[in-house]
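Below is one structure, written out as structure tokens; comments come after it.
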Amino acid sequence: MSPPDREGQSGEPPSETGPSGETESVISADQESLTSQYAAAYGRPYYSAGNIFLPFDETEQRRLDSLHRLLRVCLDGELTVVARIMWMDRIEVVDIGTGTGRWAVEMAARYPGATIIGMDIAPIQARLVPENVRFEIADVETPWGIEPGTVDFIQVRALAGMIRDWPALAAQAFEKLKPGGLFEITDIRGKVLDFDGKFGEDEITPNLTKLFQQMAANVGTIFDPAPRLPGWLHDEAFEKVAQQTEIIPLGRWPRDKKLRAREKLATAMVLPWFRTYICST
Numbered sequence: 001m002s003p004p005d006r007e008g009q010s011g012e013p014p015s016e017t018g019p020s021g022e023t024e025s026v027i028s029a030d031q032e033s034l035t036s037q038y039a040a041a042y043g044r045p046y047y048s049a050g051n052i053f054l055p056f057d058e059t060e061q062r063r064l065d066s067l068h069r070l071l072r073v074c075l076d077g078e079l080t081v082v083a084r085i086m087w088m089d090r091i092e093v094v095d096i097g098t099g100t101g102r103w104a105v106e107m108a109a110r111y112p113g114a115t116i117i118g119m120d121i122a123p124i125q126a127r128l129v130p131e132n133v134r135f136e137i138a139d140v141e142t143p144w145g146i147e148p149g150t151v152d153f154i155q156v157r158a159l160a161g162m163i164r165d166w167p168a169l170a171a172q173a174f175e176k177l178k179p180g181g182l183f184e185i186t187d188i189r190g191k192v193l194d195f196d197g198k199f200g201e202d203e204i205t206p207n208l209t210k211l212f213q214q215m216a217a218n219v220g221t222i223f224d225p226a227p228r229l230p231g232w233l234h235d236e237a238f239e240k241v242a243q244q245t246e247i248i249p250l251g252r253w254p255r256d257k258k259l260r261a262r263e264k265l266a267t268a269m270v271l272p273w274f275r276t277y278i279c280s281t
């Protein structure tokens, strides 16, 4: 079963097919009410309501694209750790917190039989996209306009420090998934560890981590939800919960070719994120 037709909900016309199988993506939402909540601070645009404290200007979009490339390198070029999805023919996929929409677009190109819906609070997605992609502007912590039991795969990526209620988000994902559906959460933990042996594997920036944790708490979010995610997923009756951890180097210490590639992308992504996080909170 496919997700319901949202034309009646959004008031937007259906997308029109463009050249080379691309469409003008229909971005559906009550955009007037959402855009009224955008504001400028520190010379950058923000979503002023709620707890979204990162901007959505071109600088932030470049950072998000760097993050996307970094995560692909960490996954050896793949878009997801869910190998099962490669064997499914026509699937319904929802990308929660789609950002610039790059993952959704690349996923649609990889799996042309899939229907991809990307959801985000910021209207920063490309408009000319593959015909099996659509974007919706929405607060992902509000009810999604998707029928229960209609989705094969839901992805949440890079929302640490942004979500007030992770159990509620997991519950909504569980409700929307078909029996046997898949739910993947991918993020970077805000912990800096030492692997050279000088400090063992203890965190080497505990004060910085505590500062970020307090900043997130001030807006009602959790800076590092990763340790608690398995428990929350089990509480919502998810089965076969598993975690995969990858090393992302900071600094030019790696000798391994793969780790060096990760380090270059991490530097392009992490330092702007630190500056933005501190200024915004």
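Per full-length UniProt numbering, the very first residue in the sequence shown carries number 1; after that it's consecutive. Yeah, the Cβ is synthetic: ideal placement off N, Cα and C, and Gly gets one too.
In this structure, R102 sits near H68, with a CB-CB distance shorter than 7 Å. Note that the segment 60 to 75 touches the segment 255 to 265; at least 3 beta-carbon pairs, one per stretch, sit closer than 8 Å. Under the Cβ criterion (8 Å, minimum of three pairs), the segment 123 to 134 does not count as touching the segment 142 to 162. Here the segment 105 to 119 does not lie against the segment 168 to 180, with fewer than 3 beta-carbon pairs under 8 Å apart.
When DSSP reads this structure, T267 sits in no beta bridge, so it has no partner. Beta-bridge partners assigned by DSSP to R157: T186.
For the 7 Å CB-CB criterion, I91 and D152 form a contact.
By the CB criterion at 7 Å, D187 and A158 fall inside the cutoff.
Per DSSP, T59 is one residue of the alpha helix (DSSP H) stretching across 58 to 74.
Under the three-state reduction of DSSP, T142 is assigned to coil, being neither helix nor strand. Going by DSSP, G231 is part of the alpha helix (DSSP H) stretching over 229 to 235.
By the 16-neighbour rule on beta-carbons within 10 angstroms, P227 is exposed. Straight-line measurement puts the Cα of L169 at about 6 Å from the Cα of E141. Between A266 and F223, the beta carbon gap of about 18 Å keeps them out of contact (Cβ cut-off 8 Å). Partner residues in the beta bridge of D95, as assigned by DSSP, are G118, Q155. Secondary structure of K191 (DSSP, three-state): coil. With a cutoff of 7 Å on beta-carbon distance, P143 and A108 are scored as not near each other. Within the DSSP secondary-structure output, L208 pairs in no beta bridge.
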